[in-house]
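To start, the structure under review is shown below, and the notes come after it.
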């Protein structure tokens, strides 16, 4: 039997850029940041929502050879730029307030908070093209 | 404060958020949480710093700034008071951060392979 979901992964074009974006603009905190020289400087980088300690998001660099060939990596980047990536769904107690707060820190939203059957929500895309939504559930 | 420990929070800012005067806020905070707001905030920052010492390979100065503290000297002193060890000794007393890394199996296999190819050789 599984116990919990610990981390979920999103591809990012540039880990430093993604880290700055998710911590300085979105307001997440860095959780783990370790580089392994003997694994080709593989960098394990995770962030999470402050206060929710048991779930983290892995900001994973799209690997090149030998994991993916250059063409595959370029295809992944291209598809992400078109918006064909996975996504992150965050919750908030105050969607409009969070929208203003994040917007004030430079997050570019796609539209404004909108009433939906499940609550009020608004979306943004990170610099790598990942979709994120901020939902205030009713 | 638990979520915004990285920001330069002071009592005046916190009191404004609570719509109270700074003095009243400090008093009420202390009554509710058992310690003054600045001490509570410092504790939260030190806890996060301890987590970053265990879970990252970042240097002490960087961790100090990441949790919202400005002076490495006073960070080291406060950390020592809270944990009984310097930040560097605290890190050394725990398993290295590299044990936190979940390296994907494909990556391990790829690096263990004598000739690093994935699929067809281009040569």
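Protein chains in written order, with the working numbering: chain A, 1 to 138; chain B, 1001 to 1123.
Note that beta-carbon positions come from the ideal geometry of N, C-alpha and C, so glycine has one too.
All values derive from a computational prediction rather than experimental measurement.
- Scanning its chain for C-beta atoms nearer than 6 Å, with the 5 sequence neighbours on each side dropped, one finds around residue 1056 (chain B) the residues 1097, in chain order.
- By the neighbour-count criterion, in which a residue is buried when 16 or more other Cβ atoms sit within 10 angstroms of its Cβ, residue 1066 (chain B) is buried.
- With a cutoff of 8 Å on beta-carbon distance, residue 47 (chain A) and residue 1101 (chain B) are scored as not near each other.
- The residue from A:106, A:19, A:76 and A:38 with its alpha-carbon nearest to that of residue 56 (chain A) is A:19.
- Inter-residue distance for residue 125 (chain A) and residue 77 (chain A) is about 14 Å (C-alpha atoms, whole angstroms).
- Runs of the alpha helix (DSSP H) lying entirely within the stretch 80 to 114 of chain A and spanning at least 4 residues, in chain order: 95 to 104.
- Counting C-beta pairs with one atom in each stretch, the stretch 1006 to 1022 of chain B and the stretch 96 to 109 of chain A have fewer than three that are closer than 8 Å, which means they do not touch.
- Residues of the stretch 63 to 87 of chain A with a Cβ closer than 8 Å to any Cβ of chain B, in chain order: 63, 65, 66, 67, 68 and 69.
- Around the CB of residue 71 (chain A), fewer than 16 other CB atoms lie within 10 Å, so the residue is classed as exposed.
- Contact annotation: the stretch 1029 to 1036 of chain B does not touch the stretch 1044 to 1064 of chain B, with fewer than three C-beta pairs closer than 8 Å.
- Between the C-alpha atoms of residue 131 (chain A) and residue 82 (chain A) there is a straight-line separation of about 11 Å.
- The beta carbon of residue 44 (chain A) sits closer than 8 Å to some beta carbon of chain B.
- With respect to chain B, the C-beta atom of residue 33 (chain A) has a partner C-beta closer than 8 Å.
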